[in-house]
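Here is the structure we will look at.
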Amino acid sequence: MRAYEFKSDVVLFMDADTVVYGPLTELAREVATSDMIFGWPAWQAPGVDLNEVLAARGCALKDWGVTYSGYGLAFLSPKSCPPYFNFGFIAMSNGVARRAARDYPPELDFVVANFPDWFASQIALCLMILRNNYAFRTLDMRYNFGNGDFPGQILSGPEADAAFARAIALYEDVRIVHYCAATEAFNKSRDMGSWERITRFCEMEGLVSGNALLQKAFKKLL
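Read in this note's numbering, the sequence shown has 169 at position 169, and its numbers run on one by one without any break.
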């Protein structure tokens with residue numbers, strides 16, 4: 001982050017395996033005049049104990065009003081989390097991005113040195129938000145919709161019912177598809193190596209859920 005000179009009014013951090021599927025205009029207008037960091041909560045906790053990381057950095061342990069995105073869909077515990085966002089899609093204004101360019105690197109250095117984890121960058125972002133009192137707003141699944149096949153409801157109970165209903169409703173208005181899942185129909189490690197494989201994927205029939213959205217997005221590029 002420290003290597004960039006931010007010039008645009010809105011700064012989006014997006015993984016390389018994401019594709020814009022729907023309009024972002026409304027969000028961009030809100031972000032441009034906001035002092036908040038906008039992010040989608042991570043699906044689940046990282047491999048390290050997040051509370052231990054926060055405590056080691058002097059952060060308060062409390063209910064931040066954020067819920068893991070996989071809660072109710074894949075598991076029923078834990079539910080709450082700090083602002084631990086998936087780095088697949090993060091939005092902030094120019095002013096916030098310039099401030100973050102200063103505050104983020106020390107947190108990443110700390111995590112890498114003391115709590116190495118595959119999701120070190122996300123943990124560092126969480127630390128930066130908490131230790132520097134950044135305001136934040138959680139985005140919903142529309143802004144980080146995976147390409148994996150939606151398996152249907154696998155959990156039971158009122159909260160699981162509600163989570164599944166929300167996911168189904170959001171599917172109708174997806175903005176960002178994150179093709180990080182390795183599925184039989186599409187696997188980025190296998191299929192992004194040639195136009196021939198992408199074309200073959202676009203010609204498949206009967207795709208559902210996230211892969212159906214990804215196929216539609218890729219067809220626009222061919």
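Quick reminder that beta carbons are idealized off the backbone N, C-alpha and C, glycines included. Bear in mind that the values here come from a model prediction, so they are computed numbers and not experimental data.
(message) To test your reading of the DSSP string, which unbroken alpha helix (DSSP H) runs of 4 or more residues are found completely within the segment 130-213?
(response) Every alpha helix (DSSP H) of 4 residues or more that sits fully in the segment 130-213 is shown, in chain order, as 158-171, 188-191, 195-202.
(request) Give the secondary structure of T67 by DSSP, where H, G and I count as helix, E and B as strand, and everything else as coil. (result) Strand at T67.
(request) Tell whether a beta-carbon distance below 8 angstroms holds between V66 and P41. (result) Going by C-beta atoms, V66 is nearer than 8 angstroms to P41.
(request) Assign V208 to one of two classes, buried (16 or more other C-beta atoms within 10 Å of its C-beta) or exposed (fewer than that). (result) Exposed.
(message) Quick check: V177 and V31, are their CB atoms within less than 8 angstroms of each other?
(response) Cβ distance not < 8 angstroms, so V177 and V31 don't count as in contact.
(request) Specify whether the segment 47-65 and the segment 108-117 touch according to this definition: at least 3 beta carbon pairs, one from each stretch, less than 8 angstroms apart. (result) Contact holds: three or more Cβ-Cβ distances are below 8 angstroms.
(message) Can you check which of these residues, A165, T33, I129, A212, is closest to A101 by C-alpha distance?
(response) The option with the nearest alpha carbon to A101 is I129.
(message) Quick check on DSSP: helix, strand or coil for C126?
(response) C126 falls in the helix class under three-state DSSP.
(message) Can you list, in chain order, the residues of its chain with a C-beta nearer than 8 angstroms to that of F115? Leave out the 5 residues immediately preceding and following it.
(response) Cβ contact annotation for F115 (same chain, cutoff 8 angstroms, sequence separation greater than five): V48, E52, V53, A56, I123, in chain order.
(request) Could you tell me which residues DSSP puts in a beta bridge with T18? (result) Beta-bridge partners assigned by DSSP to T18: H178.
(message) Quick check on A60: does DSSP put it in helix, strand or coil?
(response) A60 falls in the coil class under three-state DSSP.
(message) Can you tell me whether F119 is helix, strand or coil according to DSSP?
(response) In this structure, F119 counts as coil in the three-state DSSP scheme.
(request) Take L170 as the anchor and find which of A60, Y143, R29 has the nearest alpha-carbon. (result) Measuring from the Cα of L170, the nearest candidate turns out to be Y143.
(request) Indicate whether L213 and Y84 have their beta-carbon atoms separated by less than 8 angstroms. (result) Against a cut-off of 8 angstroms, the Cβ pair of Y84 and L213 comes out as no contact.
(request) Would you grab the beta carbon distance between L155 and L76 for me? Rounded to a whole angstrom, and I think it's under 8 angstroms. (result) Contact flag correct, Cβ pair sits at about 6 angstroms.
(request) Keeping to the same chain, check which residues put their C-beta closer than 7 angstroms to that of S121; ignore five residues upstream and five downstream. (result) The residues are F87, L108.
(request) Could you check if M92 is buried or exposed, using at least 16 other CB atoms within 10 Å of its CB as the buried criterion? (result) Around the Cβ of M92, a 10 Å sphere holds 16 or more other Cβ atoms; the residue is buried.
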